[in-house]
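J.: Dropping the structure in here first, questions after.
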Amino acid sequence: MVNEVKSRPTGKLDSKVPAGKLEEKWTNHKFKLKLVNPANKRKYSIIVIGTGLAGASAAASLAELGYQVKAFCFQDSARRAHSIAAQGGINAAKNYQNDGDSVYRLFYDTIKGGDYRAREANVYRLAELSMNIIDQCVAQGVPFAREYGGLLDNRSFGGAQVSRTFYARGQTGQQLLLGAYSALMRQVGLKTVEMFPRHEMLDVVIVEGRARGIITRNMITGEIEPHIGDALLLCTGGYSNAYFLSTNAKGSNVTAIWRAYKKGAFFANPCFTQIHPTCIPVTGHYQSKLTLMSESLRNDGRVWVSKIPADKRKPDQIPEEERDYFLERKYPSFGNLVPRDVASRNAKEQVDTGKGVGERMNAVYLDFADAIKRLGIQDIKEKYGNLFDMYKRITDEDPYKVPMRIYPAVHYTMGGLWVDYNLMTTIPGLYALGECNFSDHGANRLGASALMQGLADGYFVIPYTIGGYLADLKRDKVDENHPAFKEAAGNVKESVKKLLSIKGKKTVDELHRELGQVMWDNVGMGRNEKDLKEAISRIKEIREDFWKNVKVLGENEELNQSLEKAGRVADFLELGELIAKDALHRKESCGGHFREEYQTEENEAKRDDENFAYVAAWEFKGDNAEPELHKEELVFENVQLTQRSYK
Amino acid sequence: MNLHLKVWRQKNKNSQGRFVNYEAKDISTDTSFLEMLDVVNEDLIKKDEDPIAFDHDCREGICGSCGMYINGRAHGPQKGGATCQLHMRSFKDGDTIVIEPWRAKAFPVIKDLVVDRSAFDRIMAAGGFISVNTGGAPDANALPISKEEQESAMDAAACIGCGACVAACKNASAMLFVSAKVAHLARLPQGKPEREKRVMAMVAQMEEEGFGACTNTEACSAECPKEIPMDVIAQLRREYFRAFVKSEEKV
Ligand SMILES: Cc1cc2nc3c(=O)[nH]c(=O)nc-3n(C[C@H](O)[C@H](O)[C@H](O)COP(=O)(O)OP(=O)(O)OC[C@H]3O[C@@H](n4cnc5c(N)ncnc54)[C@H](O)[C@@H]3O)c2cc1C
Ligand code: SF4
Ligand code: FES
Numbered sequence: 027m028v029n030e031v032k033s034r035p036t037g038k039l040d041s042k043v044p045a046g047k048l049e050e051k052w053t054n055h056k057f058k059l060k061l062v063n064p065a066n067k068r069k070y071s072i073i074v075i076g077t078g079l080a081g082a083s084a085a086a087s088l089a090e091l092g093y094q095v096k097a098f099c100f101q102d103s104a105r106r107a108h109s110i111a112a113q114g115g116i117n118a119a120k121n122y123q124n125d126g127d128s129v130y131r132l133f134y135d136t137i138k139g140g141d142y143r144a145r146e147a148n149v150y151r152l153a154e155l156s157m158n159i160i161d162q163c164v165a166q167g168v169p170f171a172r173e174y175g176g177l178l179d180n181r182s183f184g185g186a187q188v189s190r191t192f193y194a195r196g197q198t199g200q201q202l203l204l205g206a207y208s209a210l211m212r213q214v215g216l217k218t219v220e221m222f223p224r225h226e227m228l229d230v231v232i233v234e235g236r237a238r239g240i241i242t243r244n245m246i247t248g249e250i251e252p253h254i255g256d257a258l259l260l261c262t263g264g265y266s267n268a269y270f271l272s273t274n275a276k277g278s279n280v281t282a283i284w285r286a287y288k289k290g291a292f293f294a295n296p297c298f299t300q301i302h303p304t305c306i307p308v309t310g311h312y313q314s315k316l317t318l319m320s321e322s323l324r325n326d327g328r329v330w331v332s333k334i335p336a337d338k339r340k341p342d343q344i345p346e347e348e349r350d351y352f353l354e355r356k357y358p359s360f361g362n363l364v365p366r367d368v369a370s371r372n373a374k375e376q377v378d379t380g381k382g383v384g385e386r387m388n389a390v391y392l393d394f395a396d397a398i399k400r401l402g403i404q405d406i407k408e409k410y411g412n413l414f415d416m417y418k419r420i421t422d423e424d425p426y427k428v429p430m431r432i433y434p435a436v437h438y439t440m441g442g443l444w445v446d447y448n449l450m451t452t453i454p455g456l457y458a459l460g461e462c463n464f465s466d467h468g469a470n471r472l473g474a475s476a477l478m479q480g481l482a483d484g485y486f487v488i489p490y491t492i493g494g495y496l497a498d499l500k501r502d503k504v505d506e507n508h509p510a511f512k513e514a515a516g517n518v519k520e521s522v523k524k525l526l527s528i529k530g531k532k533t534v535d536e537l538h539r540e541l542g543q544v545m546w547d548n549v550g551m552g553r554n555e556k557d558l559k560e561a562i563s564r565i566k567e568i569r570e571d572f573w574k575n576v577k578v579l580g581e582n583e584e585l586n587q588s589l590e591k592a593g594r595v596a597d598f599l600e601l602g603e604l605i606a607k608d609a610l611h612r613k614e615s616c617g618g619h620f621r622e623e624y625q626t627e628e629n630e631a632k633r634d635d636e637n638f639a640y641v642a643a644w645e646f647k648g649d650n651a652e653p654e655l656h657k658e659e660l661v662f663e664n665v666q667l668t669q670r671s672y673k
Numbered sequence: 003m004n005l006h007l008k009v010w011r012q013k014n015k016n017s018q019g020r021f022v023n024y025e026a027k028d029i030s031t032d033t034s035f036l037e038m039l040d041v042v043n044e045d046l047i048k049k050d051e052d053p054i055a056f057d058h059d060c061r062e063g064i065c066g067s068c069g070m071y072i073n074g075r076a077h078g079p080q081k082g083g084a085t086c087q088l089h090m091r092s093f094k095d096g097d098t099i100v101i102e103p104w105r106a107k108a109f110p111v112i113k114d115l116v117v118d119r120s121a122f123d124r125i126m127a128a129g130g131f132i133s134v135n136t137g138g139a140p141d142a143n144a145l146p147i148s149k150e151e152q153e154s155a156m157d158a159a160a161c162i163g164c165g166a167c168v169a170a171c172k173n174a175s176a177m178l179f180v181s182a183k184v185a186h187l188a189r190l191p192q193g194k195p196e197r198e199k200r201v202m203a204m205v206a207q208m209e210e211e212g213f214g215a216c217t218n219t220e221a222c223s224a225e226c227p228k229e230i231p232m233d234v235i236a237q238l239r240r241e242y243f244r245a246f247v248k249s250e251e252k253v
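From first to last, the protein sequence lines are chains A and B.
Read in my numbering, the first sequence has 422 at position 396, and its numbers run on one by one without any break.
Read in my numbering, the second sequence has 79 at position 77, and its numbers run on one by one without any break.
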């Protein structure tokens, strides 16, 4: 039973956090890391899976250093990785605004925002490196917004009292990724990176305890190919699509890290998912994804519902005194600007009590009427014009005239592969960077911090830490005829064959939607023991159904999008169960993980630092065995743990 | 609403393609164009027929994956949006919708509506960058850049690399795509040191890939989902001329 999962103290988990003062750890560590002689670097080959911010920046930087790099992505071009869709911005502790920002403050905000479930040393390093990122990106030609005097402009984001977010219109992710992509393509031109688009990684190959390569499927020809390397970086993004509907791109998936998990890499805090409060609600059963509306809208929009449940009146017919501005009412000092998790839970509560708005009663209003009155329509247009246009394009409603309808949606996953300070997983030679690792955001990520983390990992952490590993590597010749490669390739071929041979009655999307519904209802914004246990058994049933009843047409030797999806959904169906188990075992509320049994009298998340100030790292023990829980105790030497309050 | 679809089906790059008729039934006007195709595909799978292959990912108009030629127009009837941002309310009940892949020699069809746009990546690898290695960049505020310069660079940098410009052009020219990158970098001081080399290399690669010549029909900019303006093409020509004169001087 899940509840009796055996746990043992840190044991197998060595975070490798360097000793010494917080501010000196990274500098000292860099100095102590062994270096690979420049002339030797080209003898090492490094495999990078994923070309989002983390992967593209890592691949380019390692190639610049002289390593031979092979980079993979499933899209038709490296430039299309999901990072491209980030809108709002990227944080950096530049203190250009002279408003009191500092590395320490960014560190502190991130640790607190994460509800004290992240590792201090990693977060501090992230805050330090944030400065270099902005410099690097500007040198590459990223057109960040500027002020009239020609210096860089900043905006504010949730969870911070300083203005430290750099942005490029509403397309910050796009511009940062195109910067990293152009650096990557430069190396492709120089032939130091070999690029494999439309290739999906389907397994990790381990030889004598070390990661030595991967098995990929060429998505056009269906060829199952081995690739050999001296180290392997997974930069494959988040797994929000386990919920079917999310703000992530349709292709975002867990396959790469899931297969690594099944080969022995520990999976940390899988239940830490972030649900973003301001997304456009579902309109019908055909819905394929949800669109995010930037959180900046909450600066001027007022959130409300009618006080009367199932009120069918149009919003302009509901008089002021019959409206409930529930965030302003409950949180007078933060009002509409409470953090993401608080705003999301409150919207859900309104909808659950029958006060949801819109035809499907599945949303709350975000109203700009007062702001338009106060600031004028022109001002609102300048601030939010592109968001209003996007909203109108999707809903056919004009937010200048009627309030927006918004509802929370799954957006980001803080959990991921467990990594040490060097970003290495529990498998030697296997690294995880960007959203697919667990390291920096604890139980809740602050806005504009994911882009920062991806680029810090890729540009500035891995180029140093990988040297420390490679310098000590005893290199034995391994080729594709090694039994480990043969076996892995054989397994991949088998599972492809299996998927194609079931020829059942349900499409992959149908089964994925079923899973998504269970995840959303039972492992979503509010979780409790009963729902979680039910989820675990429901997911098992859906998984069994999948392997009996899925219908995948066509063959392997062609472009086969159903087959691609089927493989990913098969993994989500296993991951979903682990998410639920992790959520069940964590008997506290923290950040995005809200256990209804553990709340304060005012219905806020109640942490249990005594018993749960640890990273839960799960070890795969076999398809029919319970995963084993390992704990990395979190030690806070610099910040004091406090209960968050936004009243 | 109900719609008649005529969709280009082609098994692979070597086979002959043809139009196949499908009926899309009971489609809500709130459905996006790609969701309408999802519905059709679910039906096809249920009937044991191969679903229609098309590229897509973000479904919010930013990744540049999607791209279809819809009723004779790249990304369909709307202005300033990608195929994934098109909604069915742009059509009428009973409409016939013709859906084709991008058609260009440099973009061979892989399957159905999926084409090979790797030529764009090769053009980028030839010169679409500023040659700075990681590390050693000066402080970001050390080099002030006027708001106008930055805004005009951003206008050009907004390109999503979808290829609609090529598909819309009767010559299948890639000028708008290439010019957008040349202009983005040439408009910033950081991009100036390599400007000659960059434009020469990118144009040479563009020609090698088999894209057609630009005759200024402006169809590209009219159909571009990011409304990249024609002035980037004028800028490419200036940059090219400048680079050409310089290289002659050296000889
Ligand atoms: C709508 C939206 C808006 C956002 N806005 C912001 C923001 O304003 N600020 C912020 O800081 N963060 C934002 N985020 C979060 C942020 O964008 C992501 O966390 C971040 O970009 C992830 O980058 P990554 O490099 O880790 O992964 P990704 O960019 O997701 O890249 C994953 C890569 O892995 C590849 N891949 C995956 N699996 C495989 C496989 N099996 N085989 C081969 N290749 C594979 C993919 O092809 C891709 O190249 C936003 C997220 C969303 C959804
Ligand atoms: S210029 Fe416009 S049409 Fe051409 S690739 Fe870029 S975004 Fe697409
Ligand atoms: S799917 Fe990304 S632009 Fe259309």
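Glycine residues also receive a C-beta, built at the ideal position from the N, C-alpha and C atoms.
Residue range of the beta strand (DSSP E) that B/Asn23 falls in?
T.: Segment Arg20 to Ala26, the beta strand (DSSP E) holding B/Asn23.
J.: If I measure Cβ to Cβ from A/Thr36 and keep anything under 8 Å in the same chain, skipping five residues before and after, which residues do I get?
T.: Here A/Thr36 scores only 43 on pLDDT, less than 50, and its place in the model should not be relied on; the value that follows carries that caveat. Correct list, in chain order: His656, Lys657, Glu658 and Glu659.
J.: In terms of residues, what are the limits of the alpha helix (DSSP H) holding A/Asp127?
T.: That residue, A/Asp127, is in no alpha helix (DSSP H); it is neither H nor E in DSSP.
J.: Quick one: is the Cβ of A/Gly552 within less than 7 Å of any heavy atom of ligand 3?
T.: A/Gly552: no, Cβ never under 7 Å from ligand 3.
J.: Is the beta carbon of B/Val184 less than 8 Å from the beta carbon of B/Glu251?
T.: No, they are not a contact pair.
J.: Does any heavy atom of ligand 1 sit closer than 7 Å to the C-beta of A/Gly480?
T.: Yes.
J.: Should A/Arg34 be labelled buried (16 or more other beta-carbon atoms within 10 Å of its own) or exposed?
T.: Here the model assigns A/Arg34 a pLDDT of 39, short of 50, so the residue's position is not dependable, and the following value carries that caveat. Burial call: exposed.
J.: Distance check for B/Arg244 and B/Asn135, CA to CA, integer angstroms please.
T.: Straight-line Cα distance between these residues: approximately 27 Å.
J.: Output yes if chain A places a C-beta closer than 8 Å to the C-beta of B/Ile132; else output no.
T.: Interface residue, yes.
J.: Can you pull the chain A residues whose beta carbon is under 9 Å from the beta carbon of B/Gly193, in chain order?
T.: Going along chain A in sequence order, the residues near B/Gly193 (Cβ under 9 Å) are Gly167.
J.: Excluding the 5 residues preceding and the 5 following B/Arg189 in the sequence, name in chain order all residues of the same chain whose CB lies nearer than 7 Å to its CB.
T.: Closer than 7 Å at the Cβ level, and outside the excluded window around B/Arg189, lie Glu151, Ser154, Ala155 and Ala158.
J.: Could you tell me the alpha carbon to alpha carbon distance between A/Ala209 and A/Glu408, rounded to whole angstroms?
T.: About 33 Å.
J.: Answer yes if the region 113 to 121 of chain A comes into contact with the region 149 to 164 of chain A, meaning at least three C-beta pairs across the two stretches below 8 Å, and no otherwise.
T.: Cβ pair count under 8 Å is three or more, so yes.
J.: Could you tell me the alpha carbon to alpha carbon distance between A/Lys42 and A/Asp446, rounded to whole angstroms?
T.: Between A/Lys42 and A/Asp446, the C-alpha separation is close to 6 Å.
J.: Is any heavy atom in ligand 1 found nearer than 7 Å to the beta carbon of B/Ala242?
T.: Looking at the sequence provided, one finds Tyr at residue 242 of chain B rather than Ala. No.
J.: Give, in chain order, every unbroken run of the alpha helix (DSSP H) that is at least 4 residues long and sits entirely within the region 95 to 131 of chain B.
T.: Those alpha helix (DSSP H) runs which fall completely within the region 95 to 131 of chain B and span 4+ residues are 120 to 129.
J.: Rounded to a whole number of angstroms, what is the C-alpha to C-alpha distance between A/Lys374 and B/Phe35?
T.: A/Lys374 and B/Phe35: Cα-Cα distance of roughly 29 Å.
J.: Using a cut-off of 7 Å between C-beta atoms, extract the partners of B/Ala142 located in chain A.
T.: The answer, in chain order, is Ile160, Asp161, Val164 and Leu178.
J.: I'd like to confirm something about B/Gly165: is its beta-carbon nearer than 7 Å to some heavy atom of ligand 2, or not?
T.: Result yes, Cβ under 7 Å from ligand 2.
J.: Classify B/Met70 as helix, strand or coil using the three-state DSSP reduction.
T.: B/Met70: coil per DSSP, three-state reduction.
J.: For ligand 1, is there any heavy atom lying closer than 7 Å to the beta carbon of A/Phe598?
T.: No, the beta carbon of A/Phe598 sits no closer than 7 Å to any heavy atom of ligand 1.
J.: Are the CB atoms of A/Val595 and A/Leu537 within a distance shorter than 8 Å?
T.: In this structure, A/Val595 lies closer than 8 Å to A/Leu537 by Cβ.
J.: Pull up the CB-CB distance for A/Phe646 and A/Tyr287, whole angstroms please, since I reckon it's below 8 Å.
T.: A/Phe646 to A/Tyr287, Cβ: 5 Å. Contact.
J.: Along chain B, in chain order, which residues have C-beta atoms closer than 8 Å to that of A/Gln587?
T.: Residues of chain B passing the Cβ test: Pro53 and Ala55.
J.: Between A/Leu323 and A/Thr304, which are expected to be in contact by the criterion C-beta below 8 Å, what is the C-beta distance as a whole number of angstroms?
T.: Rounded, the Cβ-Cβ distance is 6 Å, consistent with contact.
J.: Determine the direct distance from the alpha carbon of A/Met450 to that of A/Lys566, and round the result to whole angstroms.
T.: If you take the alpha carbons of A/Lys566 and A/Met450, they lie about 31 Å apart.
J.: Report buried or exposed for A/Gln197, applying the criterion of at least 16 other Cβ atoms within 10 angstroms of its Cβ.
T.: When all chains shown are included, A/Gln197 counts as buried.
J.: Below 8 Å on the Cβ atoms is my contact criterion, and I expect A/Ala291 with A/Ile453 to pass it. Report the Cβ-Cβ distance as a whole number of Å.
T.: 5 Å between Cβ atoms; contact.
J.: 8 Å is my cut-off, CB to CB: does A/Gln101 come that close to chain B?
T.: For A/Gln101, the answer is yes, since a Cβ of chain B falls inside 8 Å of its Cβ.
J.: Any idea if A/His311 is buried or exposed, counting beta-carbon neighbours within 10 angstroms, 16 or more meaning buried?
T.: With fewer than 16 Cβ atoms within 10 Å of its Cβ, A/His311 is classed as exposed.
J.: Quick one: what's got a C-beta closer than 6 Å to A/Arg569's C-beta in the same chain, skipping five residues either side?
T.: Only Leu599 meet the Cβ criterion.
J.: Start and end of the beta strand (DSSP E) containing A/Phe572?
T.: Element bounds for A/Phe572: not the beta strand (DSSP E) but the alpha helix (DSSP H), Glu555 to Asn575.
J.: Reducing DSSP to helix, strand and coil, say where B/Asn43 ends up.
T.: In this structure, B/Asn43 counts as helix in the three-state DSSP scheme.
J.: Report the option in B/Lys199, B/Ala176 and B/Asp114 whose CA atom is closest to the CA atom of B/Asn14.
T.: With distances taken between Cα atoms, B/Asn14 lies closest to B/Asp114.
J.: Within its chain, find whatever has a CB closer than 8 Å to the CB of A/Leu88; leave out the 5 residues flanking it on each side and keep chain order.
T.: Once the five neighbours on either side are set aside, the close Cβ partners of A/Leu88 are Ile72, Val74, Val95, Ile488, Pro489 and Ile492.
J.: From the DSSP output, in three-state form, read off A/Ala397 for me.
T.: It is helical.
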